[in-house]
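The structure appears right after this line, and notes come after that.
So this is what it looks like as structure tokens:
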């Protein structure tokens, strides 16, 4: 679901999300369960809430930033959150453990 979602992010926003990784943005997951993740992207004094969830065969995502709210696009914060979750899952697989489920 996350990789499919990233494929829908335009190149400029995808690139800015990658730049955010280099700049030290942080992903703070508040809830993670099958087909659902919610948390905050933090950079500098800014913080944006991101929710990504599976719907049918695809997924939906929303962010509290102006870009997502006013333009209705998949923003750089959504892309960053998806990349972060994919990275955490890959690290957990490499360590032969399950990614911790939060919010229970």
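Residue numbers (this note's numbering): 1319 to 1422. The beta carbon of each residue, even a glycine, is placed where N, CA and C say it ideally should be.
Legend entry - Alpha-carbon spacing of residue 1321 relative to residue 1377, whole angstroms: Counting from one through the chain shown, the residue named residue 1321 turns up at place 3. Counting from one through the chain shown, the residue named residue 1377 turns up at place 59. Those two C-alpha atoms are separated by around 10 Å.
Inset, instruction - Use the C-beta contact count for residue 1330: other C-beta atoms within 10 angstroms, 16 or more gives buried, fewer gives exposed. - result: Counting from one through the chain shown, the residue named residue 1330 turns up at place 12. By the 10 Å Cβ count, residue 1330 comes out exposed.
Inset, instruction - Assuming residue 1323 contacts residue 1409 (C-beta within less than 8 Å), just tell me the rounded distance between them. - result: Walking along the chain shown from the start, residue 1323 turns up at place 5. Walking along the chain shown from the start, residue 1409 turns up at place 91. Between residue 1409 and residue 1323 the Cβ distance is about 19 Å, and since that is not below 8 Å, they are no contact.
Legend entry - Beta-carbon separation (whole angstroms), residue 1367 vs residue 1347, contact threshold 8 Å: Here residue 1367 refers to the residue found at position 49 of the chain shown. Here residue 1347 refers to the residue found at position 29 of the chain shown. The pair is not a contact, with the Cβ atoms about 11 Å apart (cut-off 8 Å).
Inset, instruction - Can you grab the Cα-Cα spacing for the pair residue 1328 / residue 1351, in whole Å? - result: For the purposes of this step, residue 1328 is identified with residue 10 of the chain shown, where counting begins at 1. For the purposes of this step, residue 1351 is identified with residue 33 of the chain shown, where counting begins at 1. One C-alpha to the other measures close to 27 Å.
Legend entry - Candidates 1405, 1392, 1412, 1403, of which the one nearest residue 1325 by Cα: The sequence position of residue 1325 within the chain shown is 7, counting from 1. Closest option to residue 1325, Cα to Cα, is 1392.
Inset, instruction - Can you grab the Cα-Cα spacing for the pair residue 1401 / residue 1414, in whole Å? - result: Against the chain shown, residue 1401 aligns to sequence position 83. Against the chain shown, residue 1414 aligns to sequence position 96. Answer to the nearest angstrom: the Cα atoms are 20 Å apart.
Legend entry - Under 7 Å between C-beta atoms of residue 1344 and residue 1360: If you number the chain shown from 1, residue 1344 lands on position 26. If you number the chain shown from 1, residue 1360 lands on position 42. Contact flag set, yes.
Legend entry - Three-state secondary structure assigned by DSSP to residue 1352: The count along the chain shown starts at 1 and reaches residue 1352 at position 34. It is coil, neither helix nor strand.
Inset, instruction - For the alpha helix (DSSP H) holding residue 1375, just list the boundary residues, first then last. - result: As a first step, residue 1375 must be located in the chain shown, where it is residue number 57. Careful: residue 1375 lies outside any alpha helix (DSSP H) and carries neither H nor E.
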